[in-house]
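All residue numbers for the sequence shown refer to this note's numbering, where the first residue is 22 and numbers rise by one. Note that the Cβ used here is the ideal one computed from N, Cα and C, for glycine as well. Shown next, in structure tokens, is the structure this report addresses.
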Amino acid sequence: MIGKTSPNAPPTPAAAPPEDADSSHGTGADAPPGRSLAPARALPLPAGLEKLAAAAQDYARGAKAQNTQRAYAADWRHFSAWARRRGFAPLPPAAEIIGLYLAACASEPGIGARSQGLSVRTIERRLSALAWHFSQRGAPLDRGDRHIAEVMAGIRRRHGRPPEQKEAVLADDLRAMLATLDHGLRGLRDRAILLIGFAGGLRRSEIVGLDCGRGETLDGAGWIAIEANGLLVQVRGKTGWREVEIGRGSSENTCPIVALEAWLKFARISHGPLFRRVARSGKAVAAERLSDRHVARLVKQAAMAAGVRADLSEAERKGKFAGHSLRAGLASSAEVDERYVQKQLGHASAEMTRRYQRRRDKFRVNLTKAAGL
């Protein structure tokens, strides 16, 4: 492991910049002394290829979801600041330094939320972020190096926990949440978001990524088509494109289609992003797309206002609800064959769908009795 006699000992600490230096702006700020992170000067392109090069760069920027890009950028800034505080330059990558950083993420209090180390899942994402950033800077990181691989194996073994599941918003909960919304533009929009998200089993990024029609925006992640019997949603999720069918509800008050049509009518939206910001005055709708963070805030605020899980303390309730509560709610509430729920959620396996089913009969198959005991 990490020892003083290792032939791959970390480099001597470099003269680090002042700790209050801004490491989040510009590429040069993340570079070790004497080395710039600015990309090498590109060779002159043959005439007529400038537009093609610009298109290639645009595609490259869109290779990862915006949420992933934001998380990776934040992870790189955190590592860069951590390394500088200890006198090391972020580049080039040294496996032993990366191992020390991973150990710090897992063990140092205050580095994560609630004055404790980060979760294994977050540490794994940070390692992926560092590997990606090093690769982009022409210095690939060997994640199989023993100083990294063995530290991560130890972290997984010691700190690994079952994933914390968000509380499912069930049908009765959703009705109570809808009752807390007003009838202005903001309330109409939020009502449609909750009902479409629940009935479609959509992720929060999938909800806000929808457009009114196909190919209307460059950043769209899907589109809708309202039909007589319901709503057809074409959406690009984590596992690729899928078609989601959202049928009409048994009551106008809880019908996703009625809620969506009301929002589109009063917001005067017929083209472009489906869900948008509402001005502070509540009387105008912006042109830009709503952030997916709004969905998480909406679910949490509406659940708190409706008194969902009132048996818990307020602090516990705040941590129980998020955008995924809608997906889990559909999976737990829909009393249909499991394969239909799996298709709606876009899961590749039935096992993943079962993780979302909070009210599933876990002992329906009793192997103890089946074995004769």
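Buried or exposed: which applies to residue i, given that a residue is buried once 16 or more other Cβ atoms fall within 10 Å of its Cβ?
i: residue 187; result: buried
i: residue 294; result: buried
i: residue 331; result: exposed
i: residue 212; result: buried
i: residue 284; result: buried
i: residue 262; result: exposed
i: residue 245; result: buried
i: residue 226; result: buried
i: residue 93; result: buried
i: residue 306; result: buried
i: residue 61; result: Caution applies to residue 61, whose pLDDT of 44 falls short of 50 and renders its modelled position unreliable; the value that the coordinates give is listed next. Counting Cβ neighbours within 10 Å, residue 61 comes out exposed, since fewer than 16 surround it.
i: residue 392; result: exposed
i: residue 357; result: exposed
i: residue 292; result: exposed
i: residue 8; result: Within the shown structure, residues of the chain are numbered from 22 to 394, placing residue 8 beyond reach of any answer.
i: residue 73; result: exposed
i: residue 365; result: buried
i: residue 308; result: exposed
i: residue 174; result: exposed
i: residue 84; result: exposed
i: residue 424; result: Any property of residue 424 remains undetermined from this structure, which presents the chain solely from 22 to 394.
i: residue 70; result: exposed
i: residue 347; result: buried
i: residue 75; result: exposed
i: residue 303; result: exposed
i: residue 118; result: buried
For residue i, collect the residues of the same chain with a Cβ closer than 8 Å to its Cβ; drop the 5 residues on either side in sequence, then sort them by chain order.
i: residue 103; result: 122 and 125
i: residue 319; result: 211, 214 and 215
i: residue 15; result: In the structure displayed, the chain extends from 22 to 394; residue 15 sits before or after that span and is not available.
i: residue 325; result: 335, 338, 339 and 342
i: residue 390; result: none
Does DSSP classify residue i as helix, strand or coil?
i: residue 388; result: helix
i: residue 294; result: strand
i: residue 257; result: strand
Going along the chain, which residues of its own chain have a beta-carbon closer than 7 Å to the beta-carbon of residue i, five neighbours each way excluded?
i: residue 266; result: 251 and 253
i: residue 316; result: 214, 218, 225, 228, 229 and 344
i: residue 273; result: 279
i: residue 268; result: 250 and 251
i: residue 116; result: 29, 163, 166, 168 and 169
i: residue 153; result: 93
i: residue 155; result: 114, 161 and 162
Below 8 Å on the Cβ atoms is my guess for residue i versus residue j; work out the distance and round it to an integer in Å.
i: residue 349; j: residue 260; result: Contact doesn't hold; Cβ gap of about 18 Å is too wide.
i: residue 240; j: residue 329; result: Rounded, the Cβ-Cβ distance is 32 Å, inconsistent with contact.
i: residue 230; j: residue 243; result: 6 Å
i: residue 288; j: residue 388; result: In fact, because the Cβ distance is near 54 Å, the residues do not count as touching under 8 Å.
i: residue 333; j: residue 321; result: Rounded, the Cβ-Cβ distance is 13 Å, inconsistent with contact.
i: residue 228; j: residue 281; result: Not really, about 11 Å apart at Cβ, beyond 8 Å.
i: residue 114; j: residue 162; result: 5 Å
i: residue 310; j: residue 297; result: 6 Å
i: residue 151; j: residue 96; result: 7 Å
i: residue 277; j: residue 352; result: 16 Å between Cβ atoms; not a contact.
i: residue 275; j: residue 196; result: 6 Å
Beta-carbon within less than 6 Å of residue i's beta-carbon, same chain only, minus the 5 sequence neighbours each way: which residues are those?
i: residue 181; result: 141
i: residue 367; result: 258, 260 and 263
i: residue 402; result: Because the chain is modelled from 22 through 394, residue 402 falls outside the range shown and cannot be assessed.
i: residue 120; result: 23, 168, 169 and 172
i: residue 202; result: 208, 211 and 212
Return yes when the C-beta of residue i is under 7 Å from any heavy atom of the ligand MG, and no when it is not.
i: residue 188; result: No copy of the ligand MG occurs in the structure displayed, which carries no ligand at all.
Runs of beta strand (DSSP E) wholly within the region 301-384 (minimum 3 residues, chain order)
306-310
I'd like the ranges of any beta strand (DSSP E) spanning at least 3 consecutive residues and lying wholly in the region 214-277.
243-248, 251-258 and 261-268
Give the list of continuous alpha helix (DSSP H) stretches no shorter than 4 residues that lie fully inside the region 165-224.
167-180, 192-199 and 206-221
At 4 residues or longer, what runs of the alpha helix (DSSP H) sit wholly inside the region 97-172?
116-128 and 141-157
Mind listing, in chain order, the continuous beta strand (DSSP E) runs of no fewer than 3 residues lying wholly within the region 63-93?
none
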